[in-house]
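*Asks:*
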Amino acid sequence: VEGNTYYEMIGGADTLARLVDTFYDLVIQHPDLSPLFPDDLSDVKERQYQFLTQFLGGPALYTEKHGHPMLRARHLRFPIGPTQAEAWLACMSEAMDRTGLPEEPRQQIFERLRLTAHHMVNQWEQAE
Ligand code: HEM
Numbered sequence: 002v003e004g005n006t007y008y009e010m011i012g013g014a015d016t017l018a019r020l021v022d023t024f025y026d027l028v029i030q031h032p033d034l035s036p037l038f039p040d041d042l043s044d045v046k047e048r049q050y051q052f053l054t055q056f057l058g059g060p061a062l063y064t065e066k067h068g069h070p071m072l073r074a075r076h077l078r079f080p081i082g083p084t085q086a087e088a089w090l091a092c093m094s095e096a097m098d099r100t101g102l103p104e105e106p107r108q109q110i111f112e113r114l115r116l117t118a119h120h121m122v123n124q125w126e127q128a129e
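For the sequence shown, position 6 (counting from the first letter as 1) is numbered 7 according to the UniProt record's numbering, and the numbering increases by one without interruption.
#1: How is the alpha helix (DSSP H) around His120 delimited, first residue to last?
#2: Around the C-beta of Trp125, are 16 or more other C-beta atoms found within 10 angstroms, so that it is buried, or is it exposed?
#3: Using only the heavy atoms of ligand 1, determine whether one of them is closer than 8 Å to the beta carbon of Trp89.
#4: Is it the case that the CB of Gln85 approaches a heavy atom of ligand 1 more closely than 8 Å?
#5: Relative to the alpha-carbon of His119, which residue among Glu95, Lys46, Pro39, Ala88 has its alpha-carbon at the smallest distance?
#6: What are the start and end residues of each continuous beta strand (DSSP E) run of 3 or more residues lying completely inside the region 33-87, in chain order?
#7: Taking C-beta to C-beta, are Phe79 and Leu37 nearer than 9 Å?
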């Protein structure tokens, strides 16, 4: 379905679900990221799916279920350095490729995620 939002442009719920699954398959294999995450990723996947849905202009699923995202605050209990932000983005980029997101708007979405990921950085010493 063609639409005005990034959510619609990438193909909506089905595409987003595939993107999130693919992304966390990569995250749990990444040495800089896997130690931060629980063994059972189902809740994280669900929340990320809900968040990205609204981040890309779809229904406000995350806010309906969990309130204001306050993403930076929710990440403060995890040590996130520039290394982790770059690792997160590398996994997202690879997941976008594997999911086959259309080049337009892939670049614009990635750029917004790049800014968000850097905003999550909460320590600048070696985070390892
Ligand atoms: C939750 C890591 C960036 C969205 C989490 C969790 C971790 C994490 C460890 C919690 C897992 C748990 O509940 O045990 C990171 C790292 C990042 C990063 C290392 C690197 C910069 C991002 C970005 C976004 C995002 C850029 C949004 C585009 C979320 C969401 C949750 C979450 C929505 C669930 C929050 C909640 O409801 O509690 N992240 N994250 N994260 N992350 Fe990230």
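Even for Gly, the Cβ is constructed at its ideal location relative to N, Cα and C. Computed from a predicted model, the values in this text were never measured in an experiment.
*Replies:* To lay it out plainly:
#1: 104-120
#2: exposed
#3: yes
#4: yes
#5: Ala88
#6: none
#7: yes
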